[in-house]
Structures are given as C-alpha cells and as structure tokens.
Amino acid sequence: MNIGPGRRLGALAGGGGRSIAPVGSPPAKDDLLSLISDQERGVRTEGDLSKRSKIVAAIEALAEVGKGTVTTDSRLSETWRMLWTTEKEQLFIIKNAGFFRTEAGDVLQVIDVEEGTLNNVITFPPSGVFFVRSTIEVASSQRVNFRY
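Going by the numbering used here, the sequence shown opens with residue 358, and the numbers climb by one from there.
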C-alpha cells in the first residue's frame, strides 16, 4: 500500500480467510472498513476531501499497527477484492459502466509474489471483464512496486 502525495491508495480484502495483518489490529481494521463501507469503492470519495482524509488517516493507523511485520511474502499471493481505491482509471470504469449498459461487479487484484505478477480485474456480470496485467517487484518487507 502506498501512502503519500500523488500515490494510489487502496483497501483490499483477501479470499480464503487468510490475513497478513497482525493479531492486534481489529479496531484499526474495523475503523477503516466502516469508513469505506458507503464509498462505492472510492467513487463517492473523489469529491469528498474530508472523507478521503479520514480514510487515509485510518489506512495510516492500520499501517502503524502492522509496522515491522512482513506483508510482501507468499501470504500476499491471493485474489484480493478491491474495497476502496484512489486509482483514477479504475474509478472511471466503475463510475461509467452504465454507459455500456452494464454495471461493475467485483473489482479484484490477483497477486502472485513468486511469479512477480499483479492483475487488475473488473468484472461486468454476467460475462464481461476488464483485465490489466502488470509486474511486481518486492521492494521491502512492506512494499511492492508494480509496473504496467
């Protein structure tokens, strides 16, 4: 997760019940999930700087709870559901799906640390999909850089 000016932020939920967060994090995680619950994956946050600031503060608080833990090992390899993002292209597609007489379904990131891949997937039920491939490189114990 990148935090800082001009960087993309996102909140992800993993499948399979696995977690890379430390055991003591539920209050910070619950706070973040509560803040993003009505934000339509970030679409509603685009025009609400106050809400965005609160969400960013909650992300930073959760990052502080996990400080010193490794979050870039094989446990990151997973299909993650995107719950909230600042990534403009994804938000544009989600927001404008109606133009194509559809609506966005799940927004996913499929990460494989060993293979060095990250794939963004936006589903359009019943059978449509927007798919972007990228590569990743572990930069530190808590940072992964990606390239499209």
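We put the beta carbon where it would ideally sit given N, CA and C, even for glycine.
Buried or exposed (CB count within 10 angstroms, at least 16 for buried), residue i
i: ALA415; result: buried
i: THR492; result: exposed
i: ARG409; result: buried
i: GLU494; result: exposed
i: VAL464; result: buried
i: GLU421; result: exposed
i: ASN502; result: exposed
Sequence-distant residues of the same chain with beta carbon closer than 6 Å to residue i, five excluded per side
i: LYS424; result: none
Whole-angstrom distance between residue j and residue i, CA atom to CA atom
i: THR402; j: SER431; result: 31 Å
i: LYS445; j: LEU475; result: 17 Å
i: ASP397; j: GLN447; result: The question names Asp, but residue 397 is Glu in the sequence shown. Whole-angstrom Cα-Cα distance: 12 Å.
Cβ neighbours of residue i in the same chain (closer than 8 Å, five flanking residues each side left out)
i: GLY485; result: THR459
beta-carbon residue i near the ligand ATP non-hydrogen atom, thresh 8 Å
i: ASP387; result: This structure lacks the ligand ATP, and indeed carries no ligand of any kind.
Spatial neighbours of residue i in its chain, beta-carbon cut-off 7 Å, leaving aside the 5 residues before and after
i: ALA454; result: GLU460, ALA461, PHE481
Where in the segment 445–491 do unbroken runs of the alpha helix (DSSP H), each at least 4 residues long, occur, reported from the N-terminal end onward? Runs found: 445–452.
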